[in-house]
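One structure is given below, encoded as structure tokens.
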Amino acid sequence: MANQLRFHAPVMILGAPRSGTSLLHRILRGQPGFVSTASESRPVWEPLTEPSKHGWTGERAPGDINSGDIDRLHRQLARLALPADTWRRADAHDIVTKQQNPILSRWVLRPGYRALVMARGLRWRSTLESRLVDKCVHSSLWPELLEIVFPDARYIHIVRDPADTMRSMVSGWLNPDRFFTWKLPQQLSIPDYPFTHWNFPLPPGWQYMRDRPLAEVVAFQWRAMQEGILGLESRTPDKRFLRIRLEDLNARPRETIEQIATFLELPWSEYLEAFARAVPIVNAEGKHQPPEKLAITVDEALPSIRSTARRLGYD
978 MANQLRFHAP
988 VMILGAPRSG
998 TSLLHRILRG
1008 QPGFVSTASE
1018 SRPVWEPLTE
1028 PSKHGWTGER
1038 APGDINSGDI
1048 DRLHRQLARL
1058 ALPADTWRRA
1068 DAHDIVTKQQ
1078 NPILSRWVLR
1088 PGYRALVMAR
1098 GLRWRSTLES
1108 RLVDKCVHSS
1118 LWPELLEIVF
1128 PDARYIHIVR
1138 DPADTMRSMV
1148 SGWLNPDRFF
1158 TWKLPQQLSI
1168 PDYPFTHWNF
1178 PLPPGWQYMR
1188 DRPLAEVVAF
1198 QWRAMQEGIL
1208 GLESRTPDKR
1218 FLRIRLEDLN
1228 ARPRETIEQI
1238 ATFLELPWSE
1248 YLEAFARAVP
1258 IVNAEGKHQP
1268 PEKLAITVDE
1278 ALPSIRSTAR
1288 RLGYD
């Protein structure tokens, strides 16, 4: 009976921040028969993975997890997930771009999403009959939890040129309106970073990066996340793991989306055809671009991630 109250063959989107995960999520969440949360599902996972649960050593999977915990995670995701037709209507109004407006997001979009979730009420059980597509960039630090909760998951790992990703992550760190993630018990002294919060995932070993240049910090984050995903790949059958490049999705959308559809065993449809003709712009680079000296520092930090980048096909 318990297995009937869990998602079957969910789609897990993996990747570093600013590497195309939001774009891929935007494409897949409107697929007929799919359900998805609004964006990152991190709040669902935090009770088990947040750093304060692990002595502030970083984000980690719990030492043990029981069947009740697994059922709870499926149930919470089902309660927060909305069907594909809802997301297609939202995306017709470019809801992803509007989410980046902090005032609009806080006072209009988030309350609207909560109202939709509440209106669905006890229908979460029927939601479990649909196919979940989930995105949480933090999951790369605790992939073993995904393996336990979703033993039949299909993983799509989207990658982007490491230098471009890191420059975009630096911009994210410097954006005062978005991404602030963790208020840490130890003060940050990162050069060229005027804020107090840690941004994006918090890998184990973060304490040694508290006073390092920002480019080194994002290189450290990028490497930790990609190594976590590579470890997951090594334990996962090929039929359940696919890696795509953001560059290919933008330059050859039809070929890449056909590859995704084949991997997920999706019939070709007018919905997918629309993306094959034109991929939307999601999370475009904003006004908070890294200063020139930080961009140079990103280049200087690249040697520290070179071996991982090569394993992902970037020389």
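FYI, our numbering numbers position 198 of the sequence shown as 1175, with every residue one higher than the one before it. By construction, the Cβ of each residue, glycine as well, lies at the ideal position given by its N, Cα and C atoms. Everything numeric in this text was worked out from a predicted model, so none of it was measured.
- Rounded to whole angstroms, the gap between the alpha carbons of R1066 and I1125 is 33 Å.
- If you draw a 10 Å sphere on the C-beta of T1233, you find 16 or more other C-beta atoms in it, and that means buried.
- The bridge partners DSSP lists for S1013 are L1059.
- According to the DSSP assignment, V1136 belongs to the beta strand (DSSP E) that extends over 1131–1136.
- Boundaries of the alpha helix (DSSP H) around D1141: 1139–1151.
- When Cβ pairs closer than 8 Å are counted between the two stretches, the region 1144–1160 is seen not to touch the region 1242–1251, the count staying below three.
- Listed as beta-bridge partners of F1218 by DSSP are Y1132.
- CA-to-CA, the gap between A1192 and L982 works out to about 44 Å.
- The Cβ-Cβ distance between L991 and S1107 does not fall below 8 Å.
- Boundaries of the beta strand (DSSP E) harbouring I990: 988–991, taken from the DSSP string.
- Annotated three-state conformation of R1288 is helix, per DSSP.
- In its chain, beyond the 5 residues on either side, A986 have a beta carbon closer than 6 Å to the beta carbon of D1129.
- Bounds of the beta strand (DSSP E) holding D1111 are 1108–1112.
- Note: F1157 is bridge-paired with N1176 in the DSSP secondary-structure output.
- DSSP places D1169 outside both helix and strand once states are collapsed to three, so it counts as coil.
- In summary, E1277 is exposed, with fewer than 16 beta-carbon neighbours lying within 10 Å of its beta-carbon over all protein chains present.
- Close CB contacts of L1219 within its chain, under the 8 Å cut and outside five residues either way in sequence, are with R1131, Y1132, I1133, H1134, Q1236, I1237, F1240 (chain order).
- Rounded to whole angstroms, the separation of the alpha carbons of G1010 and P1257 is 21 Å.
- Segment contact: the region 1005–1020 against the region 1037–1057, three or more CB-CB distances shorter than 8 Å; contact assigned.
- Relative to S1103, the option among D1141, Q1184, P1060, A1253 whose CA is nearest is P1060.
- Counting along the chain, L1243 sits inside no alpha helix (DSSP H), nor does DSSP assign it H or E at all.
- For A1253, the closest C-alpha among the options V1275, V1259, N1227, T1274 is that of N1227.
- The region 999–1007 makes no contact with the region 1208–1216; the number of CB pairs closer than 8 Å stays below 3.
- Nearest to P1190 by alpha-carbon distance, out of D1062, W1064, R1006, T1274, is T1274.
- Straight through space, the alpha carbons of L1105 and W1183 are spaced by roughly 37 Å.
- The straight-line gap separating the alpha-carbon atoms of N1152 and V1021 is approximately 25 Å.
- Of the residues assessed, S1211 falls on the exposed side of the cut-off, its CB having fewer than 16 other CB atoms within 10 angstroms.
- Across the set A1201, L1223, Y1170, the C-alpha of Y1170 shows the shortest separation from the C-alpha of R1187.
- Comparing C-alpha distances from P1180 to each of R1231, H1031, D1111 shows the shortest one belongs to H1031.
- Contact between D1068 and G1149 does not hold, since the beta-carbon distance rounds to 22 Å and is not under 8 Å.
- Straight-line measurement puts the Cα of G1205 at about 16 Å from the Cα of S996.
- Spanning the alpha carbons of F1127 and L1209 requires a straight line of approximately 13 Å.
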